[in-house]
Amino acid sequence: MIRIKKGILTLVSLSLVLIYCLINDPSRDITLTLGLYVGSSWDVPNGESYQVIDQAIKKFEKKYPNVHFEYKSGIIKDDYSSWLANEITKGTTPDVFMVLPDDFNTLSSIGILKNLD
Numbered sequence: 204m205i206r207i208k209k210g211i212l213t214l215v216s217l218s219l220v221l222i223y224c225l226i227n228d229p230s231r232d233i234t235l236t237l238g239l240y241v242g243s244s245w246d247v248p249n250g251e252s253y254q255v256i257d258q259a260i261k262k263f264e265k266k267y268p269n270v271h272f273e274y275k276s277g278i279i280k281d282d283y284s285s286w287l288a289n290e291i292t293k294g295t296t297p298d299v300f301m302v303l304p305d306d307f308n309t310l311s312s313i314g315i316l317k318n319l320d
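Quick note on this note's numbering: the sequence shown kicks off at 204 and runs consecutively.
Printed below as a string of structure tokens:
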């Protein structure tokens, strides 16, 4: 369970740092959206699904007060692929989102995933 939390925290932290690197003007307020699903990638019940993410966001916003986050929540893992496809189709793709292993090749091949080098 601790490995899972550390992995999620690392993923979110890295994503947040990479997003910040893309921000040019630190004086303007920016709101970024996160697309997440409820539960774990390994189908392990966990009542603290968003706690690690909330902590990472709080630390990031403290360091960078002009950047704010809003996350789409409450989507169960089994519905997440359909939800994400709908968001992409509507043009409301979250700025940062989880990618399920089965969706990676499809999202990559249609250009949804961006290289953050």
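We treat Cβ as the ideally placed atom computed from N, Cα and C, and that holds for glycine.
Beta-carbon contacts of residue i that lie in its chain and below 6 Å, excluding the five residues immediately before and after
i	result
Leu316	Leu310
Thr296	Glu290
In DSSP terms, what residue i is bridged to
i	result
Lys233	It should be pointed out that residue 233 corresponds to Ile in this sequence rather than to Lys. Its beta-bridge partners are Val270.
Lys275	Gly238
Phe300	Gly238
Length of the line joining the Cα atoms of residue i and residue j
i	j	result
Gln258	Lys275	16 Å
Val241	Gly277	6 Å
Glu264	Phe300	18 Å
Lys261	Thr234	14 Å
Ala288	Tyr267	31 Å
Asp281	Leu239	12 Å
Ser312	Ser230	35 Å
Asp320	Gly294	24 Å
Thr292	Gly314	13 Å
Gln254	Asn308	29 Å
Same chain only: Cβ atoms within 8 Å of residue i, ignoring 5 sequence neighbours per side
i	result
Asp305	Ser284
Glu273	Thr234, Leu235, Thr236, Leu237
Anticipated Cβ contact below 8 Å, residue i with residue j, distance rounded
i	j	result
Asp298	His271	With 8 Å as the limit, Asp298 and His271 do not qualify as a contact, their Cβ atoms being about 11 Å apart.
Residues of its chain near residue i, where Cβ-Cβ distance is below 7 Å and the 5 sequence neighbours each way are ignored
i	result
Trp286	Ile278
Leu303	Tyr283, Ser284
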